[in-house]
Amino acid sequence: MTKDLSDGLVPPTVGTGTGALADDGPAPKYRIIGPGLVVAATGVGAADMVATLVAGSRFGYGLLWAVILGVILKIVLVEGAGRYTLATGKTIFEGWRSLGKWTTWYFGPYIMLWGFVYGATAMSSAALPLAALFPALPLPVWAVLMGLAGLVMVWFGRYDVFEKITAGLVALMFVTVVGLAVIARPDFGAMAAGLIPLIPEGGVLYTLALAGGVGGTITLAAYGYWLREKGWSTPRWMRVMRIDNRMAYVMTGIFVIAMLIVGAEVVSAAGVTLSAGDRGLLDLSTVLNEKYGVVVGTGFLVGFWAASFSSIIGVWNGVSLMFADFWGNMRGKPSGHPDTRVGGKYFKFYLLWLTFPPMILLLLGQPIGLILAYGILGSLFMPFLAITLLGLLNRSHIPREWRNRWWTNTALGICAFLFIALGVHQLVTAVAPLFQ
Numbered sequence: 001m002t003k004d005l006s007d008g009l010v011p012p013t014v015g016t017g018t019g020a021l022a023d024d025g026p027a028p029k030y031r032i033i034g035p036g037l038v039v040a041a042t043g044v045g046a047a048d049m050v051a052t053l054v055a056g057s058r059f060g061y062g063l064l065w066a067v068i069l070g071v072i073l074k075i076v077l078v079e080g081a082g083r084y085t086l087a088t089g090k091t092i093f094e095g096w097r098s099l100g101k102w103t104t105w106y107f108g109p110y111i112m113l114w115g116f117v118y119g120a121t122a123m124s125s126a127a128l129p130l131a132a133l134f135p136a137l138p139l140p141v142w143a144v145l146m147g148l149a150g151l152v153m154v155w156f157g158r159y160d161v162f163e164k165i166t167a168g169l170v171a172l173m174f175v176t177v178v179g180l181a182v183i184a185r186p187d188f189g190a191m192a193a194g195l196i197p198l199i200p201e202g203g204v205l206y207t208l209a210l211a212g213g214v215g216g217t218i219t220l221a222a223y224g225y226w227l228r229e230k231g232w233s234t235p236r237w238m239r240v241m242r243i244d245n246r247m248a249y250v251m252t253g254i255f256v257i258a259m260l261i262v263g264a265e266v267v268s269a270a271g272v273t274l275s276a277g278d279r280g281l282l283d284l285s286t287v288l289n290e291k292y293g294v295v296v297g298t299g300f301l302v303g304f305w306a307a308s309f310s311s312i313i314g315v316w317n318g319v320s321l322m323f324a325d326f327w328g329n330m331r332g333k334p335s336g337h338p339d340t341r342v343g344g345k346y347f348k349f350y351l352l353w354l355t356f357p358p359m360i361l362l363l364l365g366q367p368i369g370l371i372l373a374y375g376i377l378g379s380l381f382m383p384f385l386a387i388t389l390l391g392l393l394n395r396s397h398i399p400r401e402w403r404n405r406w407w408t409n410t411a412l413g414i415c416a417f418l419f420i421a422l423g424v425h426q427l428v429t430a431v432a433p434l435f436q
C-alpha cells in the first residue's frame, strides 16, 4: 500500500531518471527538519568556524555584509540544485552527464581523491575536541573511533534517523555558539555599520571566503539526493523545498554571525592569534576557560564536536549517494536503482572508502603529491557546480516555469565569479609547494 509522500517515504517510482513524475495529491506542508538543515549543517565545519573567527578578530564586524551575502548565494545555489531535481526527476549527476563526457572525467577522479583526503581531515577534526576533553585516549584513536561511529550510523540507519541525528547535532551547535555570542555582548552599533558593503584593507581574501567559501562544499550538490530520500520528488514539492532551503540557511547565517561576534568580541579582546586549521578552535576554548570559566569552555568544545561530527555523517551519507549514482550510471544502471540508493552496494563501497583508507593518512601524514592533486581538483568543484547549474537550468527541456529567471541567472553568475576567484586562490596555494 502506497503512503502519502508527506510522511517522508519514497514511492517506488521515484528517482528512475525518466523525468518529472505525476504531480497530483494534496499540497505538501513544510516541516522544520528537512534536507535543507542536513545540507547546511554538513557544509559548515570546523574550518569554516575558524575562518569566521579569524575574520572577526581582524576586522571586527566589517565583513558582516559578506556573511549575509554568502547566505543569500548559498540559498540560490542549493535551490538551483533542488529545483533541477524536482523539475526533471533526474539527479544532478544525470544533468552533468548530459552536458558532455568532460563532466564525468572531472567528477570521477575528483570524488575518489576528495573522499580519501577528506575522510582523514573530518575524522581528525571531530577527534580534536574529544582528545581535549578526554586526553586518556590519543588523538589518532579518537579519530578512528569517529570514523567508525559515522560508518555504523550511516550503514545501518535510514534517512529519517540520519536526519534526526543531524538535527540534534545542529541544536548542540546552535545553542553553544549562539549562547556564547550572547555572553560576549555584541556591539550592535558596530554590527549595523558592518552591513555597509566595504572591504577593509587586507580583507579581500576574507571577504571572498565569507561570501563564497563558508559552507561551500561538494555536499551542496547532494541536496537533490536528500530530497529524493525524503520523498520530495516532484514539482509539487517546489514550494516546500524553497522554504526548507531558506530556513536552513537563515539558521546557518545566524550561526556564522555568532562566530563572527565571538571573533570580534572575545578573540580580538584576548589578543591571541588562533592556530591554523581546526586547532584554532582549541585555542579559543582555552581563552574561554580563562575568561568565562570551565563550563563555557567545555560547552564550546561540545559545540565544536557537534559541528565536526555532523559533517562526518553528512558526508558519509550524502557524498556516498553521489558516488553511488555516478558509479551506477557508469555501470549502465539508472539513477534510483537499488544499488545506487542508501544501503546499496555502491553506496556501501564509498562508505568504506571514506572510512578505512583515510586511516592510513592519520598514521603516515598527508603526502605532498596527494594534497597537491586534492587542492587542484578541489579548487575547481564549486565553480564547476555554479557554471553547470547555469547551463542546466536554462535548457529547453526544463519546464518553462522552472527555468532560471534573469535574477537567478544573475545570482548564479555572482556565485560562479566568487567561486572562480576563490578557486584561483586555492589553486595558487595548492601549487605553491612546487616552486619552493
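In UniProt numbering, the protein residues as written are 1 to 436.
Here a beta-carbon is modelled for each residue, glycine too, at the ideal position from N, C-alpha and C.
* To do: Just tell me which of 54, 101 and 45 has its CA closest to the CA of residue 329.
  => Here the question's residue 329 lines up with position 329 in the sequence shown. Checked all of 54, 101 and 45; the closest Cα to residue 329 is 101.
* Within its chain, find whatever has a CB closer than 7 Å to the CB of residue 38; leave out the 5 residues flanking it on each side and keep chain order. => Within the sequence shown, the letter at position 38 stands for residue 38. Cβ neighbours of residue 38 beyond the five flanking positions: 163, 166, 226 and 314.
* Same chain, Cβ closer than 6 Å to residue 443, five either side skipped, listed in chain order -> Nothing about residue 443 can be reported from this structure: the residues present for the chain run from 1 to 436 only.
* Asked: First and last residue of the alpha helix (DSSP H) that includes residue 183?
  -> Here residue 183 refers to the residue found at position 183 when the sequence shown is read from its first residue. Element bounds for residue 183: 159-183.
* Exposed or buried, residue 196, counting other C-beta atoms within 10 Å across all chains shown (16 or more means buried)? -> Counting from one through the sequence shown, the residue named residue 196 turns up at place 196. Exposed.
* C-alpha distance - residue 199 paired with residue 353, whole-angstrom precision -> For the purposes of this step, residue 199 is taken as residue 199 along the sequence shown, with counting starting at 1. For the purposes of this step, residue 353 is taken as residue 353 along the sequence shown, with counting starting at 1. Using only the alpha carbons, I get a separation of about 42 Å.
* To do: Using beta-carbon positions only, say whether residue 169 and residue 310 come within less than 8 Å of one another.
  => As a working note, residue 169 is residue 169 in the sequence shown. As a working note, residue 310 is residue 310 in the sequence shown. Against a cut-off of 8 Å, the Cβ pair of residue 310 and residue 169 comes out as a contact.
* For the alpha helix (DSSP H) containing residue 257, list its first residue and its last residue. => Here residue 257 refers to the residue found at position 257 when the sequence shown is read from its first residue. Run containing residue 257: 238-262, per the alpha helix (DSSP H) assignment.
* Asked: Between the C-alpha atoms of residue 118 and residue 124, what's the straight-line distance to the nearest angstrom?
  -> Counting from one through the sequence shown, the residue named residue 118 turns up at place 118. Counting from one through the sequence shown, the residue named residue 124 turns up at place 124. Going by the C-alpha atoms only, they are around 10 Å apart.
* By Cβ distance, which residues of its chain are closer than 6 Å to residue 325, with the 5 residues on each side in sequence left out? -> By 1-based counting over the sequence shown, the position of residue 325 is 325. Excluding residues within five positions, the ones whose Cβ falls inside 6 Å are 91, 93, 335 and 340.
* To do: List the whole-angstrom C-beta distance separating residue 172 from residue 302, where the pair is believed to meet the contact cut-off of C-beta under 8 Å.
  => For the purposes of this step, residue 172 is identified with residue 172 of the sequence shown, where counting begins at 1. For the purposes of this step, residue 302 is identified with residue 302 of the sequence shown, where counting begins at 1. With 8 Å as the limit, residue 172 and residue 302 qualify as a contact, their Cβ atoms being about 6 Å apart.
* **DSSP state of residue 425 mapped onto helix, strand, coil** => To locate residue 425, count along the sequence shown from 1; it is residue 425. The answer is helix: DSSP assigns residue 425 an H, G or I state.
* Asked: By a C-beta neighbour count over all protein chains shown, 10 Å radius and 16 as the cutoff for buried, is residue 97 buried or exposed?
  -> Your numbering for residue 97 matches position 97 in the sequence shown. In the assembly as shown, residue 97 is a buried residue. Its beta-carbon has 16 or more other beta-carbons within 10 Å.
* **For residue 179 and residue 191, the rounded distance between their alpha carbons** => One-based indexing of the sequence shown puts residue 191 at position 191. One-based indexing of the sequence shown puts residue 179 at position 179. Each residue's alpha carbon lies about 17 Å from the other.
* Supposed close pair residue 381, residue 84 - CB separation, criterion 8 Å -> Here residue 381 corresponds to residue number 381 of the sequence shown, with the count starting at 1. Here residue 84 corresponds to residue number 84 of the sequence shown, with the count starting at 1. Taking 8 Å as the upper bound for CB-CB distance, residue 381 and residue 84 are not in contact here, some 17 Å apart.
* To do: From the DSSP output, in three-state form, read off residue 136 for me.
  => Here the question's residue 136 lines up with position 136 in the sequence shown. Looking at residue 136 - three-state DSSP - the assignment turns out to be coil, as it is neither helix nor strand.
* **Euclidean distance between Cα positions of residue 144 and residue 422** => Locating residue 144 in the sequence shown gives position 144, where the first residue counts as 1. Locating residue 422 in the sequence shown gives position 422, where the first residue counts as 1. The alpha-carbon of residue 144 is positioned some 31 Å away from that of residue 422.
* Cut-off 7 Å between Cβ atoms - residues of its own chain near residue 115, not counting five sequence neighbours on either side -> Start at 1 with the first residue of the sequence shown, and residue 115 comes out as number 115. If we look at residue 115 and ignore the five residues flanking it on each side, its Cβ neighbours are 319, 350, 353 and 354.
* Which residues mark the beginning and the end of the alpha helix (DSSP H) in which residue 350 is found? -> On the sequence shown, position 350 is the one that residue 350 refers to. Segment 345-355, the alpha helix (DSSP H) holding residue 350.
* To do: Would you identify the three-state DSSP class for residue 21, choosing helix, strand or coil?
  => Translated into positions along the sequence shown, residue 21 becomes position 21. The pLDDT assigned to residue 21 is 48, lower than 50, so where the model puts this residue is not dependable; a value taken from the coordinates is nonetheless given after this. Coil.
* When 121, 411 and 288 are compared against residue 361, the one with the closest alpha-carbon -> Here residue 361 corresponds to residue number 361 of the sequence shown, with the count starting at 1. Among 121, 411 and 288, the Cα nearest to that of residue 361 is on 121.
* Exposed or buried, what is residue 230 when buried is set at 16 or more other beta-carbons lying within 10 Å of its beta-carbon? -> Your numbering for residue 230 matches position 230 in the sequence shown. By the 10 Å Cβ count, residue 230 comes out buried.
* To do: Write down every uninterrupted run of the alpha helix (DSSP H) in the segment 87-128 whose length is 4 residues or greater and which is fully enclosed by it, in chain order.
  => Contiguous alpha helix (DSSP H) elements confined to the segment 87-128 occur at 92-98, taking only those with 4 or more residues.
* Asked: Contact check, residue 232 vs residue 86 under 8 Å by CB: the rounded distance?
  -> Position 232 of the sequence shown, counted from the start, is the residue given in the question as residue 232. Position 86 of the sequence shown, counted from the start, is the residue given in the question as residue 86. Contact check for residue 232 and residue 86: beta-carbon distance about 7 Å, within the 8 Å limit, so the pair qualifies.
* Of the residues 299, 139 and 187, which one's Cα is nearest the Cα of residue 269? -> For the purposes of this step, residue 269 is taken as residue 269 along the sequence shown, with counting starting at 1. The residue with the shortest Cα to Cα distance from residue 269 is 187.
* Would residue 405 be called buried (16 or more neighbouring beta carbons within 10 Å of its own) or exposed? -> If you number the sequence shown from 1, residue 405 lands on position 405. With fewer than 16 other Cβ atoms within 10 Å, it is exposed.
* Asked: For residue 183, which residues from the same chain have a beta carbon less than 8 Å from its beta carbon, with the 5 sequence-adjacent residues on both sides left out?
  -> If you number the sequence shown from 1, residue 183 lands on position 183. The residues are 292 and 296.
* Flag this pair as yes or no: are the beta carbons of residue 431 and residue 255 separated by less than 8 Å? => Residue 431 sits at position 431 when you count from the first residue of the sequence shown. Residue 255 sits at position 255 when you count from the first residue of the sequence shown. Cβ atoms of residue 431 and residue 255: not closer than 8 Å.
* Would a C-beta distance cut-off of 8 Å place residue 148 and residue 139 closer than the cut-off? -> As a working note, residue 148 is residue 148 in the sequence shown. As a working note, residue 139 is residue 139 in the sequence shown. In terms of Cβ geometry, residue 148 and residue 139 do not form a close pair [threshold 8 Å].
* To do: Spatial neighbours of residue 71 within its chain, please: CB distance less than 6 Å, with the 5 preceding and 5 following residues excluded, ordered by chain position.
  => The sequence position of residue 71 within the sequence shown is 71, counting from 1. Around residue 71: 249 and 253.
* If you drop the 5 nearest sequence neighbours on each side, which residues of the same chain put their C-beta closer than 7 Å to that of residue 411? -> Residue mapping note: residue 411 aligns to position 411 of the sequence shown, counting from 1. Taken in chain order, the residues that qualify are 73 and 76.
* For residue 439 versus residue 81, is the C-beta distance shorter than 8 Å? -> For residue 439 there is no data in the structure shown, the boundaries of the chain being 1 and 436.
* Asked: Among 337, 397, 402 and 317, which has the Cα closest to the Cα of residue 221?
  -> Your numbering for residue 221 matches position 221 in the sequence shown. With distances taken between Cα atoms, residue 221 lies closest to 317.
* **Secondary structure of residue 35, DSSP reduced to three states** => By one-based count along the sequence shown, residue 35 stands at place 35. Correct three-state label for residue 35: helix.
* Just checking my contact of residue 308 with residue 46 at CB under 8 Å: how many whole Å lie between their CB atoms? -> Position 308 of the sequence shown, counted from the first residue, corresponds to residue 308. Position 46 of the sequence shown, counted from the first residue, corresponds to residue 46. With a beta-carbon spacing of about 5 Å, residue 308 and residue 46 fall inside the 8 Å limit used to define contacts.
* **Cβ neighbours of residue 282 in the same chain (closer than 7 Å, five flanking residues each side left out)** => Translated into positions along the sequence shown, residue 282 becomes position 282. Same-chain partners within the cutoff: 128 and 132.
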